[in-house]
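J.: Under UniProt numbering, think of the first position of the sequence shown as 1, with each following residue one higher.
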Amino acid sequence: MIWCCFDTKPVVEKDLLNSQQSSLTLSSLKNTNLFSYNELRTATNNFHASRKLGQGGFGAVYKGTLRNGTLLAAKVLSAESVQGLNQFLTEIDVIANVRHPNLIKLIGCCLDGSKKILVYEYLKNNSLDHALRGLKNGTVKFNWDMRSSICLGTARGLKFLHEDIEPPIVHRDIKASNILLDSNFMPKIGDFGLAKLFPDNITHISTRVAGTLGYLAPEYAMQGQLTKKADIYSFGVVVLEIVSGKRASQMHWLETDKFLIEWAWQLYEEDRLRDLVDPTLREYPEKVVLRYIKVALFCTQETAARRPSMTQVVEMLSKPVLLNEKELIAPKFIQHSVKSRQKLKMLWPTSSAAAEQEPTHAIFSALVPR
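Below, the structure is given as structure tokens:
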């Protein structure tokens, strides 16, 4: 894990804010370092393209090095905040105070007129999305222990956002590029809490684009309903990516035009889940890997109420429990074969309309420890 430490609070330039703003700004910050624009411009070599780590829905991220040698990641926000200065800083301070081993640490910010930059700890191994691309070209190798650690760590971070803080935070954009990896490939969720800083027409953009590539929950895609359950759907897709070594947007699975999520459900219905496992995984605990895939399918059920909570997800991933597959209902987008329909009827004899009315707490009542 890479944590950034500072001997002193960064110096604030005189021209950063006018005198009135400056006093308000400094009094508003409790957990956050305030950087000057020139300090970050120098650290990133004037935000040079060679320092660019990635581009997200909220802006570009650059690697920087402070004068004391501390590495950082500077996110230059690309959209105008809807709030005034003090409200913006209040939200930033709240985000900086949300601490968990599986959440990226916000260490500071910069405000210079319309320029707004968030400063995060720098993580050596970039993002999960970057690692998945590395798997494809052979530059990254993940054994099962690394993959399961990323799944479970991400689940714990998301559980913390959903259930362990008040008010809870709905991430809105869980995807491989928002899961960062430190020097030990420990996962840290990034971009959490940023949705409050911008109007809805801005914050929905990144999520909707990601959704077209396979991450977006059906209720948000069709009705604009964005809740914790939408995050859980997206998390399920990420688990499938980690197990398969494939990206959610990849199509043409075995000469079919299917996204990863569609292919996973089809393999489940055909009792061929082993075909989903990354072929580069030479050795792995088959029962555990199949359980992870099934947990991902529970998370990606079409009806939000049927998806587990993140507490339940952590439980299912971390313990050898038996999953009650009678509760697992395939989404409507799956083209059922006769055999598949018969299998579903045997597993779950009630109608899907009736099942949709069941509350979440009833879904996993049959989890049984081995």
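We treat Cβ as the ideally placed atom computed from N, Cα and C, and that holds for glycine.
Predicted, not measured: the structure shown is a model, and the values here were computed from it.
Can you check which of these residues, Lys-175, Gly-157, Thr-70, Glu-325, is closest to Val-119 by C-alpha distance?
T.: Ranking the options by Cα distance to Val-119, first place goes to Thr-70.
J.: Where does Thr-70 fall in DSSP's three states?
T.: Coil.
J.: Do Thr-300 and Gly-245 count as a contact pair if the criterion is CB distance below 9 Å?
T.: No, Cβ-Cβ distance for Gly-245 and Thr-300 is not below 9 Å.
J.: Between which two residues does the beta strand (DSSP E) harbouring Ala-60 extend?
T.: Taken as a continuous stretch (DSSP letters only), the beta strand (DSSP E) holding Ala-60 covers 59-65.
J.: Could you tell me which of Leu-181, Arg-291, Ser-234, Lys-228 sits nearest to Ser-102, measuring between CA atoms?
T.: For clarity, residue 102 is Asn in the given sequence; the question names Ser instead. Measuring from the Cα of Asn-102, the nearest candidate turns out to be Leu-181.
J.: Could you round the C-beta distance between Ser-36 and Cys-109 to whole angstroms and report it? I think they count as a contact, below 8 Å.
T.: In fact, because the Cβ distance is near 11 Å, the residues do not count as touching under 8 Å.
J.: Are the stretch 215-228 and the stretch 145-152 touching by the rule of at least three beta carbon pairs closer than 8 Å?
T.: The stretch 215-228, when compared against the stretch 145-152, does not touch it at the 8 Å Cβ threshold.
J.: From Val-82 to Leu-197, what distance separates their C-alpha atoms?
T.: In this prediction, Val-82 has a pLDDT of 49, which is less than 50 and means its spatial position is unreliable; what the coordinates show is noted afterwards. Straight-line Cα distance between these residues: approximately 7 Å.
J.: In this structure, does DSSP put Ser-127 in helix, strand or coil?
T.: Strand at Ser-127.
J.: Could you give the C-beta distance for Leu-323 and Lys-287, rounded to a whole number, given that I count them as a contact under 8 Å?
T.: About 11 Å separates the two Cβ atoms, so there is no contact after all.
J.: How would you write the range of the alpha helix (DSSP H) that Pro-218 sits in, first residue to last?
T.: Where Pro-218 is concerned, the enclosing alpha helix (DSSP H) stretches over 218-223.
J.: Nearest CA to the CA of residue 374: which residue from Lys-63, Thr-227, Gly-64?
T.: The question about residue 374 has no answer, for the chain in this structure spans 1 to 370.
J.: Does DSSP classify Lys-326 as helix, strand or coil?
T.: Of the three classes helix, strand and coil, the one that applies to Lys-326 here is helix, per DSSP.
J.: By a C-beta neighbour count over all protein chains shown, 10 Å radius and 16 as the cutoff for buried, is Thr-32 buried or exposed?
T.: By the neighbour-count rule (16 or more Cβ atoms within 10 Å), Thr-32 is buried.
J.: Unbroken alpha helix (DSSP H) runs of length 4 or more, entirely within the stretch 260-311: which are they?
T.: Whole alpha helix (DSSP H) segments, 4+ residues: 260-269, 286-299.
J.: For Gly-54, I'd like the list of residues in its chain whose CB is within less than 6 Å of its CB, leaving aside the five on either flank, ordered along the chain.
T.: Answer for Gly-54: Val-61, listed in chain order.
J.: Report the option in Lys-319, Asn-178, Asp-93, Thr-303 whose CA atom is closest to the CA atom of Gly-56.
T.: It is Asn-178 whose Cα lies nearest to the Cα of Gly-56.
J.: Between Val-314 and the rest of its own chain, which residues show a CB-CB distance below 8 Å, the 5 nearest in sequence each way excluded?
T.: If we look at Val-314 and ignore the five residues flanking it on each side, its Cβ neighbours are Leu-152, Ala-155, Arg-156, Lys-159.
J.: Which two residues bound the contiguous alpha helix (DSSP H) that contains Val-140?
T.: Run containing Val-140: none; DSSP gives neither H nor E here.
J.: Taking the alpha carbon of Arg-67 as the point to measure from, which residue in Gly-134, Asn-38, Arg-282 has its own alpha carbon closest?
T.: Comparing Cα-Cα distances from Arg-67 to each of Gly-134, Asn-38, Arg-282, the minimum goes to Asn-38.
J.: Run through DSSP, which three-state label would Tyr-120 get?
T.: Tyr-120 falls in the strand class under three-state DSSP.
J.: Could you spell out where the beta strand (DSSP E) holding Leu-194 opens and where it closes?
T.: That residue, Leu-194, is in no beta strand (DSSP E); it is neither H nor E in DSSP.
J.: Once DSSP output is grouped into helix, strand and coil, what is the label at Ile-92?
T.: Residue state, collapsed to three classes: helix.
J.: Find the nearest neighbour of Leu-192 within the set Met-186, Pro-168, Phe-185, judged by alpha-carbon distance.
T.: Before going further, note that residue 192 is Phe rather than Leu in the sequence given. The residue with the shortest Cα to Cα distance from Phe-192 is Pro-168.
J.: Output the distance between the C-alpha atoms of Asp-257 and Leu-40, rounded to the nearest integer angstrom.
T.: Those two C-alpha atoms are separated by around 45 Å.
J.: Assuming Leu-106 is part of the beta strand (DSSP E), what are its boundary residues?
T.: Segment 106-112, the beta strand (DSSP E) holding Leu-106.
J.: Out of Arg-147, Met-222, Ala-195, which has the shortest C-alpha to C-alpha gap to Met-186?
T.: The shortest C-alpha separation from Met-186 is found at Arg-147.
J.: CA-CA distance, Trp-144 and Val-289?
T.: The alpha-carbon atoms of Trp-144 and Val-289 are separated by roughly 8 Å.
J.: Starting from Ile-242, follow the alpha helix (DSSP H) in both directions and report where the run begins and ends.
T.: Unbroken alpha helix (DSSP H) run through Ile-242: 228-244.
J.: Which residues in the same chain have their Cβ closer than 8 Å to the Cβ of Asn-137, if we skip the five residues on either side of it in sequence?
T.: Hits under 8 Å: none found.
J.: What are the boundary residues of the beta strand (DSSP E) that includes Leu-40?
T.: Counting along the chain, Leu-40 falls outside any beta strand (DSSP E), though it belongs to the alpha helix (DSSP H) covering 37-43.
J.: Under the three-state reduction of DSSP, which class applies to Lys-52: helix, strand or coil?
T.: The answer is strand: DSSP assigns Lys-52 an E or B state.
J.: Whose C-beta lies closer than 6 Å to the C-beta of Ile-104 among residues of the same chain, with five residues either side of it excluded?
T.: The residues are Tyr-120, Leu-180, Lys-188, Gly-190.
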